[in-house]
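Residues 0 to 168 (numbering that gives the first Met the number 0) are what the sequence shown spells out, left to right. Here a beta-carbon is modelled for each residue, glycine too, at the ideal position from N, C-alpha and C. Only a predicted model underlies this, so the values are computations on that prediction, with no experimental measurement involved.
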Amino acid sequence: MQIRASAQLVGCVLTGLALNWIVVACSSPNTASNSSPNTTQNPAPQAQANKPIKLTLVSYAVTKSAYEKIIPKFAEQWKAQTGQTVEFEQSYGGSGSQTRAVIDGLEADVVALALAGDTAKIEKAGLIQPGWEQELPNESIVHKSVAALVVRDPNLGVKGWSDLTRDDI
Numbered sequence: 000m001q002i003r004a005s006a007q008l009v010g011c012v013l014t015g016l017a018l019n020w021i022v023v024a025c026s027s028p029n030t031a032s033n034s035s036p037n038t039t040q041n042p043a044p045q046a047q048a049n050k051p052i053k054l055t056l057v058s059y060a061v062t063k064s065a066y067e068k069i070i071p072k073f074a075e076q077w078k079a080q081t082g083q084t085v086e087f088e089q090s091y092g093g094s095g096s097q098t099r100a101v102i103d104g105l106e107a108d109v110v111a112l113a114l115a116g117d118t119a120k121i122e123k124a125g126l127i128q129p130g131w132e133q134e135l136p137n138e139s140i141v142h143k144s145v146a147a148l149v150v151r152d153p154n155l156g157v158k159g160w161s162d163l164t165r166d167d168i
């Protein structure tokens, strides 16, 4: 029962994470300042809507199976709501390896890392600006790690972390 609740929580958290970073990544400021009706410089809105949005997701390996389920559903919903196609390139690996790859030049629209220290390295490299955490609620953290306790003998009565300190465990 506790495992099922944890799995459902992880699913909800990952869905929220995906929706959050996709919305941020897909929304780009309008950089065209030309107010002229000349469409040769500014493509028609319909042409822009038909152009696929291409995003690169760089994340730690544990998230791969979740993103493989979330991304197609999100792309389908995004297409239905906006008419735009979203295409994803994905890179998965150890959080530290992914951090190094991004610092070394792997272009990424979205980076999801396992450790705050890895994010700090990317900030120190100048790829994200200090204070980025204040841009969104919860210090821009969509999820935190969820742990589940699995016991071989359910008769032991282990329900939480403090139970692991008991003398009979």
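Practice prompt. Give the C-beta separation of V57 and V101 to the nearest angstrom, bearing in mind that I take them to be a contact with Cβ-Cβ under 8 Å.
Written response: 6 Å
Practice prompt. For Q97, name the three-state secondary structure that DSSP assigns.
Written response: helix
Fill in: Backbone secondary structure at A111 - three-state DSSP
strand
Worksheet entry | Unbroken beta strand (DSSP E) run spanning S58, endpoints | Start and end: 52 to 59.
Worksheet item: Going straight from the alpha carbon of I140 to that of E132, what length do you get?
Response: 8 Å
Worksheet entry | V149 - partner residues in DSSP beta bridges | According to DSSP, which records beta bridges pairwise, V149 is partnered with nothing at all.
Fill in: Rounded Cβ spacing between I127 and Q83 (contact assumed at less than 8 Å)
Actually they do not touch by this definition, with Cβ atoms about 25 Å apart.
Worksheet item: If we ignore side chains and look at the alpha-carbon of each, how far apart do L163 and G156 end up?
Response: 10 Å
Worksheet entry | Cβ contact check for the region 105 to 120 and the region 73 to 82: 3 or more pairs under 8 Å | Because the criterion of three Cβ pairs below 8 Å is not met, the region 105 to 120 and the region 73 to 82 do not touch.
Discussion item. Distance check for L105 and G95, CA to CA, integer angstroms please.
Written reply: Distance between the alpha carbons of G95 and L105: 13 Å.
Worksheet item: What number of angstroms, rounded off, separates the C-alpha of G93 from the C-alpha of R99?
Response: Near 10 Å, if we compare the C-alpha coordinates of R99 and G93.
Discussion item. So, with DSSP's three-state summary, where would you put E122?
Written reply: helix
Worksheet item: In the structure shown, what three-state DSSP assignment does Q133 receive?
Response: DSSP places Q133 in helix when its eight states are reduced to three.
Worksheet item: By how many angstroms is the C-alpha of Q97 removed from the C-alpha of N49?
Response: 32 Å
Worksheet item: What is the DSSP secondary structure of G92, counted as helix, strand or coil?
Response: strand
Practice prompt. For F87, write down the residues that DSSP places opposite it in a beta bridge.
Written response: L54
Worksheet item: Run through DSSP, which three-state label would W77 get?
Response: helix
Practice prompt. May I have the straight-line CA-CA distance separating E88 from I121, to the nearest angstrom?
Written response: 20 Å
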